[in-house]
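*Asks:* Dumping the structure here so I can ask a few things about it.
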Amino acid sequence: MKKTLYILRAFFLIVSLLACILLHYVVEDWNLFLVISVGMSISVLVILIDLLLEGFSLRGLSAITFGLAIGALIAFLLSESPLFEPLEEDQDLAETLFLSRLALYVISMYLATVIALRGKDEFNLVIPYVRFSSENVETPLAVVDTSALIDGRIAAICESRWFGFALLIPRFVLDELQSVADSNDPTRKEKGRKGLDVLNRLRNMKHLDLRIYESDVPDRKAVDSKLVYLADTLKGKLLTTDYNLAKLAEFHHVDWLNITDLVKAVNQEVSIGSRLSVELVRAGKDANQAVGYLPDGSMLVVNDAKSHIGKEVRVEVDSVVPSSGGKMVFASLKSQI
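Quick note: the sequence shown uses my numbering, first residue 507, plus one each step.
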């Protein structure tokens, strides 16, 4: 995108230079150096304005256009009313009416534009093409909440290139994540920093379609309500690990993506005779036992493996025992990989 803009700007400067030279030949009295200087200065000024408007969105442009149009209409209707009709031909009065009409146009268009910009979110609901919709977005959208960023597994999933959604992160989610990172509570601060690290990992993925939604959601204060409303409005799915938020989304008929369910779905099925690689992290209750954990959190107990704690070993499953926390797996040590 940036390369395209550079080429477009260079093309604009070349066309402007040729136009200045052509203008000199059309108006022979004009000095060539002066024409080129003035013309190219205006072109550079236009490019500088383009750079200043880099963060300006289509929503803002649509709101300004709408505001200018409404302001001009209001000013026209008022200026054409009997209020501005002179009672008699008077030069001074005519000049006063002209200046009044001019001031009315400027004031009306300014006020209408400001009001349109302040209410651009409501205005976007009137103009459907401003927002994303399922008909004009090639890649489906997934609205990301704070819990999904703090969880961290979304980064690994996106790195695998199996994730087929464009990630949309609202500005208010980033603000919430920043407030968590700035918390005085060490636990919350650690979670917030982890979420920011995950966000930076996502930003550095060239293949990932990552979008920041700058606009706030009107008439909603709770972040959960904003997320559900945004996902519903943009015809996207909600990506979260927050169970309560997921239930709120279901109540509003908004589909949500459960990272935990995805991880469980891709985990290897463990049965008697399965061979696994696992890192042993601590000693077990019985003598010479060592304990490791499967990707889904299940405890795996390996017999005669205490000396291998801190290493990754190859084991064969002997039995699988259901438990209140899910299941416990017992295995025997095999040759290391």
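Where is the CB? At the ideal position from N, CA and C, for every residue including glycine.
1. Take GLU682 as the anchor and find which of PRO692, ASP651, LEU708 and LYS712 has the nearest alpha-carbon.
2. Drop a sphere of 10 angstroms on the beta-carbon of TYR749, count the other beta-carbons inside from all chains shown, and report buried for 16 or more, exposed for fewer.
3. Between the alpha carbons of VAL826 and SER804, how many angstroms are there, rounded?
4. According to DSSP, is ASP657 part of a helix, a strand, or is it coil?
5. Near SER813, what residues of its chain come up, given a Cβ to Cβ distance below 7 Å and the 5 sequence neighbours on each side ignored?
6. Which residue marks the beginning of the beta strand (DSSP E) containing ASN646, and which one marks its end?
7. Buried or exposed for SER614, going by 16 or more other Cβ atoms inside 10 Å?
8. With a cut-off of 8 Å, do at least 3 Cβ pairs link the region 668-675 to the region 685-696?
9. Taking LYS753 as the reference, give the member of GLU785, VAL734, GLY545 and VAL552 with the closest Cα.
10. Count Cβ pairs between the region 531-545 and the region 574-588 that sit closer than 8 Å; are there 3 or more?
11. Might you give, ordered along the chain, the residues of its own chain that have their beta carbon closer than 6 Å to the beta carbon of LEU782, omitting 5 neighbours on each side?
12. For PRO801, which of helix, strand or coil comes out of DSSP?
13. When we look at the beta-carbon of GLY698 and count the other beta-carbons within 10 Å, is it buried (16 or more) or exposed?
*Replies:* According to the structure data:
1. ASP651
2. exposed
3. 10 Å
4. helix
5. none
6. The sequence shown places Pro at residue 646, not Asn. Looking at the DSSP string, PRO646 is not in any beta strand (DSSP E), and its letter there is neither H nor E.
7. buried
8. no
9. VAL734
10. no
11. VAL821
12. coil
13. buried
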